[in-house]
Amino acid sequence: MTPLTVFRGQNGVLLPLCWVFGVTLLIGAWVAGRRSVPSVRWAYVTAGLWALPLLPFLPLGSYDAYSYACQGWQQAAGLNPYAGGVDLLGCPWADAVAPTWRSAPAPYGPVFLVLAAGAAKLGGSLTGTLALLRLIAVLGVAAIGACLPVLARRAGVPAGRAVWLVLACPLLLIHLVSGTHNDAVMVALLTGGLAVAASGRGWPAGVLFGLAVGVKATAIVALPFAIFLIPVSRWRAGLELAGGAAGALAAVSLASGLGLGWVGALADSGVSVQWTSPPTAAGMTLELIGVPHAVAVTRALGIVVLAGVLLWLFRRAWRGGDALWHAALAMAATVLLAPVFHPWYAIWPLVLLAATMRRDTRWLIVPVAVAAALCLPDGYNLALATKAPGAVGMTVLAGYLMWKVLHEANFGPGRVGAGRGGADVHGLES
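Position 166 of the sequence shown, counted from 1, bears residue number 150 in this note's numbering, the numbering being contiguous throughout.
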């Protein structure tokens, strides 16, 4: 498929043009609003009003919610979603699942599968299940919104601006509220874990982190940085966090009857080869100029570099660096260097960056805008139609963003109001 075939589709130019126009308006309003947020309450209300029109309609931007529904149905029926996809295990709604994922086992942890099973059992039908899955996602978004002011105030960031940057972000509205992605639950538990750790409670924070990992394994990246938020010895804090996380994850794994089968299923999540992942984009660019098998090599190198960056960030936090700030940078590095990237993954670092960044926030605009505009309403990813130019462009953009992550790590979150894109602290708290 090419850009021309997208515009020659069943709805011609109308669907993609209306979508791009609407997303552009959202991005423009989001960018303009970040400069002057009267209060946290104003940010809550405005973002909520923006989200309201999305609630009564089917998921936009992705078919993942239909996969969730089938995986929940399988779990509720006593099947093992880690043993195979809907092609093997069956599902009454299998036709709604994207063909790419019909043979793939569930790549999510037992916490989410238990939630999805509850939605399928209570919902009864596909429509009812989707409605309950959306309710779960919206509750996750609400929890994120509740935790943001706590983290922002600890970091010395205007709470109103932090709430606005996240809850009014087009990515969150499209992919968490409308798209119903389970990232809402993972990020809610992760931010909750950090907020509880910041209050000095290690065991409960560990439990929340364990549950977050039980939704998506990526949450484990932020766990080590929570050690530095708890006002006890670091070894004791580490034991409390690790004990709480391991206990919670083990309890849910045993109670669900699924064990750790999801760990093996994670390998199937790398089947997507798109330039939206920077290491993949670098490999695609090299293959364009004749280097064979470059994607596999650059993906492997990305994992190696990521491990080094995470260790470096942890070492800086150990030596007294801001723990929340370094956790945010660790999530950003994870998204940048992972072999697979979907637009909603950008929300993981965005939430923590919004709560900790006291410096100019303008550099967030371009990556968020690109990610928000990538997927059409029917879930088609424009990256599939722009392989060559996208790979080259992403290689350049990723190089800049990786430099920015390392630069920000060296210079810290900065001073509130630094730069024209910064916001003055006065009048933004409430």
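From the three backbone atoms N, C-alpha and C, an ideal C-beta is built for every residue, glycine too.
Item checked: Whole-angstrom C-beta distance between V350 and W332, which should lie under 8 Å -> On the sequence shown, position 348 is the one that residue 332 refers to. On the sequence shown, position 366 is the one that residue 350 refers to. Their Cβ separation, rounded to whole angstroms, is 18 Å, which puts W332 and V350 out of contact at 8 Å.
Note to self: Tell me whether L308, by its Cβ, gets closer than 7 Å to a heavy atom of the ligand MG.
What the structure shows: For the ligand MG, the structure offers nothing, since it holds no ligand at all.
Next item on the list: Please look up how many angstroms separate the CB atoms of W309 and A139, rounded, as I've assumed it's under 8 Å.
Entry: As a first step, residue 309 is located in the sequence shown; it is residue number 325 there, counting from the start. As a first step, residue 139 is located in the sequence shown; it is residue number 155 there, counting from the start. Right, their Cβ atoms sit about 7 Å apart.
Check: Which residue or residues does DSSP assign as beta-bridge partners of C359?
Finding: Position 375 of the sequence shown, counted from the first residue, corresponds to residue 359. In DSSP, C359 forms a bridge with N365.
Check: Touch check for the region 39 to 48 and the region 353 to 369: three-plus C-beta pairs under 8 Å?
Finding: By the Cβ test, the region 39 to 48 is in contact with the region 353 to 369, since at least three Cβ pairs between them sit closer than 8 Å.
Check: Looking only at its own chain, which residues have a Cβ that is under 6 Å from the Cβ of L38, when we skip the five neighbours before and after it?
Finding: Taking the sequence shown and counting its residues from 1, the one referred to as residue 38 is at position 54. V161, S162, listed in sequence order.
Check: Closest by CA to L(-1), which one among L381, C359, N394, P373?
Finding: As a position in the sequence shown, residue -1 is number 15, starting the count at 1. Residue C359 is the option with its Cα nearest to L(-1).
Item checked: Three-state secondary structure assigned by DSSP to Q59 -> Taking the sequence shown and counting its residues from 1, the one referred to as residue 59 is at position 75. Three-state result, Q59: helix.
Next item on the list: Using a threshold of 8 Å, state whether the C-beta atoms of V191 and A232 are closer than that.
Entry: The count along the sequence shown starts at 1 and reaches residue 191 at position 207. The count along the sequence shown starts at 1 and reaches residue 232 at position 248. Yes, Cβ-Cβ distance for V191 and A232 is below 8 Å.
Notebook entry, point to check: If you draw a straight line from the alpha carbon of G112 to that of F209, how long is it in whole angstroms?
Noted result: Indexing the sequence shown from 1 puts residue 112 at position 128. Indexing the sequence shown from 1 puts residue 209 at position 225. Rounded to the nearest angstrom, the two C-alpha atoms are 39 Å apart.
Check: CB-CB under 7 Å to T492, same chain, minus the five flanking residues each way: which ones, in chain order?
Finding: In the structure displayed, the chain extends from -15 to 414; residue 492 sits before or after that span and is not available.
Checklist line | Pairwise C-alpha distance: I158 and W14 | finding: Within the sequence shown, numbered from 1, the residue matching residue 14 stands at position 30. Within the sequence shown, numbered from 1, the residue matching residue 158 stands at position 174. Distance between the alpha carbons of W14 and I158 is about 13 Å.
Notebook entry, point to check: Going by beta carbon distance, what residues of the same chain come within less than 6 Å of F212, once the five residues before and after it are set aside?
Noted result: Start at 1 with the first residue of the sequence shown, and residue 212 comes out as number 228. Taken in chain order, the residues that qualify are A301, A307.
Checklist line | alpha helix (DSSP H) segments (min. 4 residues) lying fully within the region -1 to 70 | finding: 24 to 35, 48 to 60
Next item on the list: Go ahead and label G6 buried or exposed: buried means 16 or more other beta carbons lie within 10 angstroms of its beta carbon, across all protein chains shown.
Entry: Position 22 of the sequence shown, counted from the first residue, corresponds to residue 6. G6 sits exposed, since fewer than 16 C-beta atoms from the chains shown fall within 10 Å of its C-beta.
Notebook entry, point to check: Nearest to R118 by CA position, among P83, A235, A322, L156, is which residue?
Noted result: Walking along the sequence shown from the start, residue 118 turns up at place 134. Selected option, being the one with the closest Cα: L156.
Margin query: Let me make sure I understand the geometry here. Which of A203, V147, S240, P76 has the alpha-carbon closest to that of A229?
Written below: Start at 1 with the first residue of the sequence shown, and residue 229 comes out as number 245. Comparing Cα-Cα distances from A229 to each of A203, V147, S240, P76, the minimum goes to A203.
Next item on the list: Could you pull the start and end residues of the alpha helix (DSSP H) that F415 belongs to?
Entry: Residue 415 falls outside the range modelled here, since the chain spans only -15 to 414, and no answer is possible.
Item checked: CB-CB length for V150 against V335, believed under 8 Å -> Position 166 of the sequence shown, counted from the first residue, corresponds to residue 150. Position 351 of the sequence shown, counted from the first residue, corresponds to residue 335. Contact holds; Cβ gap of about 5 Å.
Margin query: Checking 8 Å against the spacing of the C-beta atoms, do G144 and A16 come in under that value?
Written below: Position 160 of the sequence shown, counted from the first residue, corresponds to residue 144. Position 32 of the sequence shown, counted from the first residue, corresponds to residue 16. No, the pair does not count as a contact, with Cβ atoms beyond the cut-off.
Checklist line | Inter-residue spacing [alpha-carbon to alpha-carbon] between W296 and A316 | finding: Working through the sequence shown from its first residue, we reach residue 296 at position 312. Working through the sequence shown from its first residue, we reach residue 316 at position 332. In a straight line, the C-alpha of W296 is about 14 Å away from that of A316.
Next item on the list: Taking L72 as the reference, give the member of W57, P89, A60 with the closest Cα.
Entry: Within the sequence shown, numbered from 1, the residue matching residue 72 stands at position 88. When only C-alpha atoms are compared, the closest one is P89.
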